[in-house]
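Worksheet: one structure, shown below.
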Amino acid sequence: MIPAGLPIGTRLDDGSDVVLDPRKFNRHTFWCGQSGSGKTYALGVVLEQLLARTALPLLVLDPNADFTRIDEAAPGAESAGAVDPSDLRILHSTGPAAPRLQTRFVDLSVAAKAAVLQLDPIRDSEEFNVLLHSQQDASTFDQDDFLARLRASGDAGQQRLATRIENLQVLDWELWARGGESVTDVLDTRPRATVMDLGGFSHPVEPKVAALSVLEHLWRHRDERRPVLIVIDEAHNICPPDPTTAVERALVEQVIQIAAEGRKFGLWLLLSTQRPTKIHPNVLSQCDNLCLMRMNAPRDLAELADVFGFVPEDQLQRSPGFAQGQALFAGGFIGAPSLVQMGARLTREGGSDVAVPLTGI
Ligand SMILES: Nc1ncnc2c1ncn2[C@@H]1O[C@H](COP(=O)(O)OP(=O)(O)O)[C@@H](O)[C@H]1O
Ligand SMILES: [Mg+2]
Numbered sequence: 000m001i002p003a004g005l006p007i008g009t010r011l012d013d014g015s016d017v018v019l020d021p022r023k024f025n026r027h028t029f030w031c032g033q034s035g036s037g038k039t040y041a042l043g044v045v046l047e048q049l050l051a052r053t054a055l056p057l058l059v060l061d062p063n064a065d066f067t068r069i070d071e072a073a074p075g076a077e078s079a080g081a082v083d084p085s086d087l088r089i090l091h092s093t094g095p096a097a098p099r100l101q102t103r104f105v106d107l108s109v110a111a112k113a114a115v116l117q118l119d120p121i122r123d124s125e126e127f128n129v130l131l132h133s134q135q136d137a138s139t140f141d142q143d144d145f146l147a148r149l150r151a152s153g154d155a156g157q158q159r160l161a162t163r164i165e166n167l168q169v170l171d172w173e174l175w176a177r178g179g180e181s182v183t184d185v186l187d188t189r190p191r192a193t194v195m196d197l198g199g200f201s202h203p204v205e206p207k208v209a210a211l212s213v214l215e216h217l218w219r220h221r222d223e224r225r226p227v228l229i230v231i232d233e234a235h236n237i238c239p240p241d242p243t244t245a246v247e248r249a250l251v252e253q254v255i256q257i258a259a260e261g262r263k264f265g266l267w268l269l270l271s272t273q274r275p276t277k278i279h280p281n282v283l284s285q286c287d288n289l290c291l292m293r294m295n296a297p298r299d300l301a302e303l304a305d306v307f308g309f310v311p312e313d314q315l316q317r318s319p320g321f322a323q324g325q326a327l328f329a330g331g332f333i334g335a336p337s338l339v340q341m342g343a344r345l346t347r348e349g350g351s352d353v354a355v356p357l358t359g360i
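Take the sequence shown: its letters are residues 0 to 360, numbered as in numbering that gives the first Met the number 0.
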């Protein structure tokens, strides 16, 4: 059966309708354009269509709370689409909204735990060894109890680990589920879409650990071959070319692994960022679909021409002239490379642009 295409807008040259082939989201997709070119808006148009016309589950890593209202109809739209809002799970970190985006330390891999605690297996060998051998059961693990036991052990390595955990103040993070529902529990219920609002944490490492925990979880369960489209907006936060901290390195490694080997397990990436050089080259080189919005720098366009050799050069050169909401689509998900005016959103944009106060306070 040939599925219905996803209508996303109209061709710039003749105004005809443009549809994407949903079957080709089984490849990785790169989405780029300068800030304000309309990436997040356009991404929303495509995600709404995937929700309405396919059964592909979406996982959205959302750094600016842009997708936290995809369960509400946009002003002027008749409805938010065909999906039952209860099948959209929006996990918050911004503001007081519930449910919260949370995860469990005990569910992280040893490498990820060590990264969170800035432990080196050689330099901090004793502490690392304690971590390695502390097999906590996720269902019964109590963080305060864990710390108390380390302290009471009389063992130097355990006590040092306790001091480290206290000094880094990681137990204070809002991210920890503390007996509540973890984002990985939510993913396992297979909602149509899971939105992870990453922007509201007080510690800059928390959103990265949140991302690492879900990507590790998906990778650990890859043999189940349950397809999911992993959408990463502002992907330079998640897979930069030059990770500097241990958590960033673990995260980049995990994304590279999914980019290289995830396709056959149904783990498909859609990465959005401002320029091609802002994400790791080993991830970029695995992308087969391209959406390019306005981008000025000739160097960036040359880089794209290099990576996406199948895109006609003259079409890439149109990009600096794009107005907001205009894009070049190329790759398997569109028949032939096409210049597109994006259609309108069906659901509400989230985000939180703050208006300049123009009248007295
Ligand atoms: N096609 C469009 N139609 C209407 N408004 C748009 C469109 N594209 C973008 N906008 C608006 O322009 C602003 C910037 O767009 P956004 O998608 O956030 O850009 P980017 O993610 O590339 O920085 C947002 O306020 C958005 O509502
Ligand atoms: Mg954006």
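The C-beta atom is built at its ideal place from N, Cα and C for all residues, glycine as well. These figures come from a predicted structure and were not determined experimentally.
Would you tell me roughly how many angstroms separate the C-alpha atoms of residue i and residue j, rounded to the nearest one?
i, j, result
"residue 108", "residue 334", "41 Å"
"residue 35", "residue 302", "21 Å"
"residue 320", "residue 11", "12 Å"
"residue 31", "residue 291", "5 Å"
"residue 126", "residue 165", "14 Å"
"residue 218", "residue 71", "31 Å"
"residue 100", "residue 313", "44 Å"
"residue 176", "residue 276", "35 Å"
"residue 286", "residue 233", "16 Å"
"residue 300", "residue 132", "50 Å"
"residue 204", "residue 311", "40 Å"
"residue 339", "residue 210", "31 Å"
"residue 228", "residue 37", "20 Å"
"residue 106", "residue 171", "17 Å"
"residue 77", "residue 69", "14 Å"
"residue 21", "residue 220", "24 Å"
Is the CB-CB distance between residue i and residue j below 8 Å?
i, j, result
"residue 269", "residue 67", "no"
"residue 298", "residue 318", "no"
"residue 284", "residue 306", "yes"
"residue 246", "residue 213", "no"
"residue 45", "residue 5", "yes"
"residue 348", "residue 94", "no"
"residue 195", "residue 13", "no"
"residue 160", "residue 129", "yes"
"residue 169", "residue 115", "yes"
"residue 51", "residue 75", "no"
"residue 249", "residue 111", "yes"
"residue 92", "residue 197", "yes"
"residue 224", "residue 26", "no"
"residue 158", "residue 148", "no"
"residue 84", "residue 180", "no"
"residue 251", "residue 242", "yes"
For a test of your reading of the model: does the CB of residue i fall under 7 Å from any non-hydrogen atom of ligand 2? Yes or no.
i, result
"residue 38", "yes"
"residue 232", "yes"
Nearest by alpha-carbon distance to residue i: which of the options is it?
i, options, result
"residue 226", "215, 211, 190 and 267", "267"
"residue 201", "112, 95, 232 and 173", "173"
"residue 231", "221, 282 and 185", "282"
"residue 367", "86, 97 and 291", "Nothing about residue 367 can be reported from this structure: the residues present for the chain run from 0 to 360 only."
"residue 156", "144, 118 and 24", "118"
"residue 208", "103, 344, 8 and 153", "103"
"residue 184", "39, 235 and 90", "90"
"residue 336", "343, 288, 342 and 300", "288"
"residue 274", "239, 41 and 358", "239"
"residue 188", "57, 350, 23 and 356", "57"
"residue 191", "224, 88, 243 and 265", "88"
"residue 96", "199, 147, 154 and 33", "199"
"residue 178", "315, 143 and 22", "143"
"residue 24", "265, 345, 316 and 315", "265"
Label residue i either buried or exposed according to how many other C-beta atoms from any shown protein chain fall within 10 Å of its C-beta, with 16 as the threshold for buried.
i, result
"residue 279", "buried"
"residue 332", "buried"
"residue 15", "exposed"
"residue 64", "buried"
"residue 323", "exposed"
"residue 328", "buried"
"residue 309", "exposed"
"residue 49", "buried"
"residue 216", "buried"
"residue 343", "exposed"
"residue 330", "buried"
"residue 355", "exposed"
"residue 325", "buried"
"residue 8", "buried"
"residue 3", "exposed"
Quick one: does the C-beta of residue i sit closer than 7 Å to a heavy atom of ligand 1?
i, result
"residue 312", "no"
"residue 323", "yes"
"residue 349", "no"
"residue 341", "yes"
"residue 34", "yes"
Run the proximity test for residue i: is its beta-carbon closer than 7 Å to any non-hydrogen atom belonging to ligand 3?
i, result
"residue 15", "Absence of ligand 3 from the depicted structure is noted, with ligand 1 and ligand 2 being the only ligands included."
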